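Asks: Residue numbers for the sequence shown, in the numbering used here: 241 to 750.
Even for Gly, the Cβ is constructed at its ideal location relative to N, Cα and C.
Remember, predicted model here, so these are calculated numbers, not experimental data.
Handing you this structure, nothing more for now.
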Amino acid sequence: MNVQRYGLLKLCRWRPQCRNNSISSNICKDTLNNLCKYLHISENVAQHLVIKHPVINKLDEDHIRKLVQTVHELGFEKEVLVEEPQIFGILPVTLKYRFQVLTECGIKYISPDLLKSYLPIIKQRKISNLKKSGLIPANVNIENRLATYMTQWPTSLTSYIWENVNELSLFTIRLKIIQRYLELLLDLTHEEFYRAIETYPTVKHRPLEVINESLNILQSQIMMPSPKIKTNMYLVHADPENLKNILFKFRYIGGIDIKEVIRLHPKIAMKNYNTLVEIRNILKEYNIGDEAQRRCFDIYTLSSNTVRERLEKAKSIPEFNTFYQHPRFLKMIHYNNTAIKRLQKLYNNNKKCLSLNILSGSSAHYDTFEKAPGDRLGKGKDLLFCISQALGKKYKSNDIRNVIKRHPFWINIPLVQVKYVYQKLSNEFTPQDIYENCPILLYPWSKIREILVIFKEREMLSRIPNSYENIDMSKLNNSQILSLVLYALERNHYFTGNGVWVEENKNVLK
């Protein structure tokens, strides 16, 4: 029995130690280092904070740095975070806005404890109760005070709220001020307002001054019409400082004034300025020009990591890489997931003549192509662009069309094959040689290579038509050699164009 009791006591002492060791092993070392670095505390104190408040373990260095900086900007010492570690669970921008909202409401002495209990103070306590407790001075007219943060009230307006203000909560009176202001400024109806705040609930806790400044920038600087703001109500909670950075530092996309771009694509106004800069640098790194950016402003609504990953992936997918220099290439990057699904589905259906519009265009256009019999490149614009780019932009698309359209199946060959054949031919022939014999790009490289090898080995005298027996190959220029290859490719098909199709186990010269 004594042995059993001793074992039990030993086990009881061992379990807490085991549990502490287990917890310590789960603590991120980087988190401890960041806490020590920015709060100037010992590792033991940092470890204690993380154990008591596990949410801290999930914070990266940037979050901790911004939180310490925000606390300092609000007038608190960084030790507040050690004394009130629950603040770690609040986003820096949320902390900043809470402080600003409480200030707008007339609360003079804002403590860290008030910031933690922000929601109960704002939503549950009546203004009369807050005045009685001394949080808000008794002589403060909350209605007028809040209204002064909005600068575009009609001069004829004398009253903002028809109810007894003292019986309302700060949350309710703020919401009524915001509603009244937006009704007058944007001609917003009661139903539209409440639908908007249900969709974008953060508007409820935005400082009035921030809302007012954002609307001023949108209307007076970006010149966005009220109906446009009304249909994109997320703009109401745009960050004014971020908007200023976009307007005065970012300035343009693809050579187009950013103000004009935002009017057309309001979502860009909500993107972080630093993210926009990162995306621009990534596009520059991958040699994506201004024209491509002008064709797809929405590429800037993605995250910078997503843009980089998709561009890198596009280089490894031949069907995507074919369109790399196309003006609408970014559209395929923007709708990347859709494009990949369509590519896989069409290949499973043995459709390989894929244009950029098919991969990233409208669903209606894609459905029509998928259900249509046969396999063709539509009007062939992408084929002409592909060949023009390969030839170094020295020849106009119309000129290329006039040459290649002589072939009856010029829009029935996959672009990937055309590009591959050009790359192979360009090792031995000039762009001028290839341009003069454009239809050769439509043929499988295996057939072309076989004939070229025969010509080089000078076995052609016994294997080509009698009319060529006396030709001295050394006197032919490269363009003429390609013409002769084309002749050999089509001779057995009676020049019907059927030589472009792959024929297994059949020699094209026999």
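Can you grab the Cα-Cα spacing for the pair SER262 / HIS293, in whole Å?
Replies: Here residue 262 corresponds to residue number 22 of the sequence shown, with the count starting at 1. Here residue 293 corresponds to residue number 53 of the sequence shown, with the count starting at 1. Interpretation of SER262 is limited by its pLDDT of 45, a score under 50 that renders its predicted location unreliable; the figure taken from the coordinates is listed afterwards. If you take the alpha carbons of SER262 and HIS293, they lie about 16 Å apart.
Asks: Is the beta carbon of TYR337 closer than 7 Å to that of PRO447?
Replies: By 1-based counting over the sequence shown, the position of residue 447 is 207. By 1-based counting over the sequence shown, the position of residue 337 is 97. It is a contact, given that the beta carbons lie within the stated cut-off.
Asks: Report yes or no: do the stretch 647-664 and the stretch 612-628 share at least 3 C-beta pairs separated by less than 8 Å?
Replies: As far as the Cβ criterion goes, the stretch 647-664 touches the stretch 612-628, which means the pair count is three or higher.
Asks: Under 7 Å, do ARG548 and ILE573 count as touching if we go by C-beta distance?
Replies: Position 308 of the sequence shown, counted from the start, is the residue given in the question as residue 548. Position 333 of the sequence shown, counted from the start, is the residue given in the question as residue 573. No, these two residues do not count as a Cβ contact at 7 Å.
Asks: What does the Cβ neighbour count give for GLN584, buried or exposed, with the cut at 16 atoms within 10 Å?
Replies: For the purposes of this step, residue 584 is taken as the residue at position 344 of the sequence shown. It is exposed - the Cβ of GLN584 has fewer than 16 other Cβ atoms within 10 Å.
Asks: Evaluate VAL450 with the Cβ neighbour count: other Cβ atoms within 10 Å of its Cβ, from every protein chain shown; 16 or more gives buried, anything less gives exposed.
Replies: The residue labelled residue 450 in the question sits at position 210 within the sequence shown. Its Cβ being crowded by 16 or more others within 10 Å, VAL450 is buried.
Asks: Specify the secondary structure class of ASN261 as computed by DSSP and reduced to three states.
Replies: Looking up residue 261 in the sequence shown gives position 21. With a pLDDT of 46 at ASN261, under the threshold of 50, the modelled position of this residue cannot be trusted, and the question is left open.
Asks: So what does DSSP say about TYR564, is it helix, strand or coil?
Replies: Within the sequence shown, residue 564 is the residue found at index 324, counting from 1. In the structure shown, TYR564 sits in coil (DSSP, three-state: anything other than H, G, I, E or B).
Asks: Could you pull out every residue in the same chain whose Cβ sits closer than 8 Å to the Cβ of GLN364, ignoring the five residues on either side in sequence?
Replies: As a working note, residue 364 is residue 124 in the sequence shown. Cβ neighbours of GLN364 beyond the five flanking positions: SER409.
Asks: Go ahead and pull the three-state DSSP assignment for ASP270.
Replies: Here residue 270 corresponds to residue number 30 of the sequence shown, with the count starting at 1. It is helical.
Asks: Below 7 Å between beta carbons: does that hold for TYR513 and ASN485?
Replies: Here residue 513 is taken as the residue at index 273 of the sequence shown, counted from 1. Here residue 485 is taken as the residue at index 245 of the sequence shown, counted from 1. Closer than 7 Å, so yes.
Asks: Which value, in whole angstroms, describes the spacing of the CA atoms of SER351 and ALA387?
Replies: Taking the sequence shown and counting its residues from 1, one reaches residue 351 at position 111. Taking the sequence shown and counting its residues from 1, one reaches residue 387 at position 147. Those two C-alpha atoms are separated by around 25 Å.
Asks: In terms of residues, what are the limits of the alpha helix (DSSP H) holding ILE486?
Replies: Here residue 486 is taken as the residue at index 246 of the sequence shown, counted from 1. No alpha helix (DSSP H) holds ILE486; DSSP gives it neither H nor E.
Asks: Skipping 5 residues on each side, what residues in its chain have a beta carbon closer than 7 Å to that of ILE493?
Replies: On the sequence shown, residue 493 is found 253 positions in, with the first residue counted as 1. For ILE493, where only same-chain residues beyond five positions count, the Cβ hits under 7 Å are VAL501, GLN533, PHE537 and TYR540.
Asks: Which two residues bound the contiguous alpha helix (DSSP H) that contains ASP427?
Replies: Against the sequence shown, residue 427 aligns to sequence position 187. Segment: none, ASP427 is in no alpha helix (DSSP H) and carries neither H nor E.
Asks: Just curious, the alpha helix (DSSP H) that LEU314 is in, first and last residue?
Replies: Numbered from 1 along the sequence shown, position 74 holds the residue referred to as residue 314. First-last for LEU314: undefined, no H or E at that position.
Asks: Under a Cβ-count criterion, where at least 16 other Cβ atoms within 10 Å of its own Cβ denotes burial, should ALA509 be classed as buried or exposed?
Replies: On the sequence shown, residue 509 is found 269 positions in, with the first residue counted as 1. Counting Cβ neighbours within 10 Å, ALA509 comes out buried, since at least 16 surround it.
Asks: On the CB-based measure, 16 or more other CB atoms within 10 Å of its CB, does PHE569 come out buried or exposed?
Replies: In the sequence shown, counting from the first residue as 1, residue 569 sits at position 329. It counts as buried.
Asks: Return the Cβ separation of ILE327 and LYS372 in integer angstroms, given the expectation that the two are a contact with Cβ distance under 8 Å.
Replies: Translated into the one-based positions of the sequence shown, residue 327 becomes position 87. Translated into the one-based positions of the sequence shown, residue 372 becomes position 132. Their Cβ separation, rounded to whole angstroms, is 28 Å, which puts ILE327 and LYS372 out of contact at 8 Å.
Asks: Among ASN642, PRO684 and TYR635, which one has its Cα closest to the Cα of VAL658?
Replies: Residue numbering aside, residue 658 sits at position 418 when the sequence shown is read from its first letter. With distances taken between Cα atoms, VAL658 lies closest to PRO684.
Asks: Using DSSP with H/G/I as helix, E/B as strand and the rest coil, what is ILE451?
Replies: Here the question's residue 451 lines up with position 211 in the sequence shown. Residue state, collapsed to three classes: helix.
Asks: Is it buried or exposed for GLY632, if we count other Cβ within 10 angstroms and need 16 for buried?
Replies: In the sequence shown, counting from the first residue as 1, residue 632 sits at position 392. Exposed: under 16 other Cβ atoms inside 10 Å.
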